[in-house]
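K.L.:
Keeping their order, the protein sequence lines are chains A and B. Number 488 in my numbering belongs to position 138 of the first sequence; there are no gaps in the numbering. Number 508 in my numbering belongs to position 158 of the second sequence; there are no gaps in the numbering. No residue lacks a Cβ here, since even glycine has one placed at the ideal position from N, Cα and C. Predicted, not measured: the structure shown is a model, and the values here were computed from it. Just dropping this structure here.
2 protein chains.
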Amino acid sequence: MKSQDLGLHTHHQFDAELEEVRAKVLQMGGLVERQLKDALEALVNCDAAAAEQVVLNDYQVNAMEVDIDEECTQILALRQPTAKDLRLVQAITKAIADLERIGDEAERIARFAMNLADKCLSPDQYVELEHLGKHVREMLHDSLDAFARMDVNVAIHLGREDKSVDKEYESVLRQTVTFMMEDPRYIPQCLDILWCARALERIGDRSCNIGEYVIYFVRGKNVRHTTLEEMEREARG
Amino acid sequence: MKSQDLGLHTHHQFDAELEEVRAKVLQMGGLVERQLKDALEALVNCDAAAAEQVVLNDYQVNAMEVDIDEECTQILALRQPTAKDLRLVQAITKAIADLERIGDEAERIARFAMNLADKCLSPDQYVELEHLGKHVREMLHDSLDAFARMDVNVAIHLGREDKSVDKEYESVLRQTVTFMMEDPRYIPQCLDILWCARALERIGDRSCNIGEYVIYFVRGKNVRHTTLEEMEREARG
């Protein structure tokens with residue numbers, strides 16, 4: 351084998367390694383999506399057993415984060431990537447940290463679902479929260495889609511959706527506060543609803559972060575802390 | 351200059367670069383500490399102007415994160431560090447992400463302080479929150495101290511303190527809910543207190559994370575998602 355072929359061989363192997371890690375991120379993302387879906391369903395259906403299962407499954411999300419993080423360290427140490435390869439490893443490291451925290455928020459929702467399961471609030475109480483949950487699940491899904499295809503347009507779309515999720519969150523907040531003031535007996539339950547809404551709003555933020563890492567990978571620009579307009583400009587190159 | 355000297359020279363220069371980045375992290379930490387202190391004082395003193403200043407200063411924290419993150423990328427790309435040097439860069443990248451989020455929580459507290467400034471709750475309402483704030487400020491300070499000295503013992507101490515902060519947070523929660531149920535007119539103000547308490551509890555968690563990166567740097571072990579006992583065992587080597 352000529353040394354040139356050897357270089358090519360190593361290069362192919364490296365690409366395969368990167369591809370494998372990227373596939374694991376998407377697998378982790380799929381698990382986190384399922385956790386969120388199950389937590390929200392358990393909440394709305396007052397299903398304590400399903401909620402408990404979400405809590406029990408969280409360790410799997412954590413284990414995947416540790417595993418992928420370790421692989422990224424190995425790649426940095428042994429392959430010493432530069433340019434786009436380096437940016438991919440960095441984007442992955444940051445994305446899995448957000449995914450892990452989204453998993454934590456799903457677990458938190460599941461704990462409130464366990465709490466609320468035997469307190470039977472009226473289904474009306476959940477309507478707005480359900481809408482918010484649906485919207486946030488779409489955002490999470492889109493962020494993983496953006497990451498899978500390294501698509502800056504989906505990433506820009508996420509920035510816009512986040513604004514709209516923030517508004518829905520404010521609306522759940524107002525509605526729940528009104529309900530609490532009208533009937534203070536329900537304050538503890540309503541607070542649980544509020545914490546769940548807050549967790550969902552945070553998941554929207556974190557899905558948005560994942561979109562930002564996609565823009566960083568594709569354009570080499572850090573768009574955290576920029577306005578939506580600046581982000582769009584950078585993303586479109 | 352002999353090539354051996356040149357190697358030494360480059361090595362010294364690299365060490366100086368790493369030292370400079372580490373100094374910047376501590377500078378960023380100092381800024382975040384000040385933001386948290388100012389936000390809490392503004393809250394307790396009903397000082398809307400001081401609170402607004404905290405909100406206005408948050409961009410400085412963000413700018414430092416972007417700057418340090420960029421320097422870490424440069425180091426990874428140009429110096430291709432391995433072993434302990436690589437772990438230091440990784441620990442720094444993760445620590446500044448947590449510091450930036452602690453800055454966000456301080457900003458959030460400042461926004462609630464602006465909200466609450468003209469609503470004049472009784473000082474009693476703030477007593478437990480003040481205790482919690484004091485405790486969390488100590489944790490943040492200790493986490494920066496652990497990072498400055500790369501001291502695993504301080505990192506272990508943080509893990510213990512976090513448990514105790516969680517208990518204080520639960521106590522603020524219970525007290526505030528009781529107050530809300532006794533006098534529903536104060537529900538909106540009490541909710542602001544609750545959100546502040548929650549922000550403080552999150553700052554405790556994030557200070558704890560910084561301790562974990564210290565253990566990762568010193569021992570090469572990822573102790574996220576481990577129990578306090580496992581963490582202690584790993585940290586003591």
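Taking contact to mean 3 or more Cβ pairs, one atom from each stretch, closer than 8 Å, check whether the stretch 532 to 549 of chain A and the stretch 517 to 531 of chain B are in contact.
P.N.:
yes
K.L.:
What are the boundary residues of the alpha helix (DSSP H) that L490 of chain B is part of?
P.N.:
D474 to R499
K.L.:
Determine the extent of the alpha helix (DSSP H) in which P534 of chain B is found, giving its start and end residues.
P.N.:
No alpha helix (DSSP H) contains P534 of chain B, which DSSP labels as neither H nor E.
K.L.:
Tell me the rounded alpha-carbon separation between V515 of chain A and I442 of chain B.
P.N.:
The C-alpha of V515 of chain A lies about 32 Å from the C-alpha of I442 of chain B.
K.L.:
Applying the criterion that 16 or more other CB atoms from any shown protein chain within 10 Å of the CB defines a buried residue, is A366 of chain B buried or exposed?
P.N.:
exposed
K.L.:
At which residues does the alpha helix (DSSP H) containing D417 of chain A begin and terminate?
P.N.:
A398 to R429
K.L.:
Excluding the 5 residues flanking A456 of chain B on each side, which residues of the same chain have their C-beta closer than 6 Å to its C-beta?
P.N.:
Q385, L386 and A389
K.L.:
For T419 of chain B and G453 of chain B, which I take to be in contact (beta-carbon distance under 8 Å), what is that distance rounded to the nearest angstrom?
P.N.:
Checking the sequence shown, residue 419 of chain B turns out to be Asp, not Thr. Going by Cβ atoms, the distance from D419 of chain B to G453 of chain B rounds to 14 Å, so no, they are not a contact pair.
K.L.:
Could you give the residue range of the alpha helix (DSSP H) that holds A433 of chain B?
P.N.:
A433 to L466
K.L.:
Taking DSSP as the reference, what is the three-state secondary structure of V504 of chain A?
P.N.:
helix
K.L.:
CA-CA distance, G587 of chain A and A496 of chain A?
P.N.:
17 Å
K.L.:
For a test of the three-state rule: what should DSSP assign to V568 of chain A, helix, strand or coil?
P.N.:
helix
K.L.:
Helix, strand or coil: which one does DSSP assign to I574 of chain A?
P.N.:
Going by the sequence as given, residue 574 of chain A is Arg instead of Ile. Coil.
K.L.:
Please tell me whether I537 of chain B has its Cβ less than 7 Å away from any Cβ of chain A.
P.N.:
yes
K.L.:
Would you identify the three-state DSSP class for G509 of chain B, choosing helix, strand or coil?
P.N.:
helix
K.L.:
Identify whether G380 of chain A lies in helix, strand or coil by the three-state DSSP scheme.
P.N.:
In the three-state scheme derived from DSSP, where H, G and I count as helix and E and B as strand, G380 of chain A is classed as helix.
K.L.:
From Y566 of chain A to N503 of chain A, what distance separates their C-alpha atoms?
P.N.:
13 Å
K.L.:
Excluding the 5 residues flanking M378 of chain B on each side, which residues of the same chain have their C-beta closer than 6 Å to its C-beta?
P.N.:
Taken in chain order, the residues that qualify are M414 and L449.
K.L.:
Could you tell me whether the Cβ of R583 of chain B comes closer than 7 Å to any Cβ of chain A?
P.N.:
Chain A, which has no Cβ nearer than 7 Å to the Cβ of R583 of chain B, makes this no.
K.L.:
With C-beta atoms as the reference, is N498 of chain B less than 7 Å away from L376 of chain B?
P.N.:
Per the sequence presented here, residue 498 of chain B reads as Ala, with Asn not at that position. Yes, the Cβ-Cβ distance between A498 of chain B and L376 of chain B is below 7 Å.
K.L.:
Thinking V652 of chain A and E421 of chain A are a contact (beta carbons under 8 Å), I'd like their distance in whole angstroms, please.
P.N.:
This structure gives no information on residue 652 of chain A, because the portion of chain A shown stretches from 351 to 587.
K.L.:
When the distance is taken between beta carbons, is Q539 of chain A closer than 7 Å to K469 of chain A?
P.N.:
yes
K.L.:
Classify R458 of chain B: buried if its beta carbon has 16 or more other beta carbons within 10 angstroms, exposed otherwise.
P.N.:
buried
K.L.:
Drop a sphere of 10 angstroms on the beta-carbon of V477 of chain A, count the other beta-carbons inside from all chains shown, and report buried for 16 or more, exposed for fewer.
P.N.:
A residue is called buried once 16 or more other Cβ atoms fall within 10 Å of its Cβ, and V477 of chain A, having fewer, is exposed.
K.L.:
Any residues in the stretch 355 to 383 of chain B with a beta carbon nearer than 7 Å to a beta carbon of chain A? Which ones, in chain order?
P.N.:
none
K.L.:
At 7 Å on the CB atoms, spell out the chain A contacts of L466 of chain B, in chain order.
P.N.:
In chain order: nothing, as chain A lies at least about 15 Å away.
K.L.:
What separation, rounded to the nearest whole angstrom, lies between the Cα atoms of V382 of chain B and I446 of chain B?
P.N.:
10 Å
K.L.:
Pull up the CB-CB distance for M581 of chain A and G483 of chain A, whole angstroms please, since I reckon it's below 8 Å.
P.N.:
Contact doesn't hold; Cβ gap of about 25 Å is too wide.
K.L.:
Going by alpha carbons, who is nearest to R652 of chain A out of A:A549, A:L406 and A:S521?
P.N.:
Summary: the structure shown does not reach residue 652 of chain A, with chain A confined to residues 351 through 587, and so no result is reported for it.
K.L.:
I need the straight-line Cα distance from D397 of chain B to M464 of chain B, nearest angstrom please.
P.N.:
C-alpha separation (whole angstroms): 7 Å.
K.L.:
Report the residue from B:I560, B:K434, B:Q440 and B:R583 whose alpha carbon sits nearest the alpha carbon of F491 of chain B.
P.N.:
The amino acid occupying residue 491 of chain B in the given sequence is His; Phe does not appear at that position. With distances taken between Cα atoms, H491 of chain B lies closest to B:I560.
K.L.:
Go ahead and pull the three-state DSSP assignment for K517 of chain A.
P.N.:
helix
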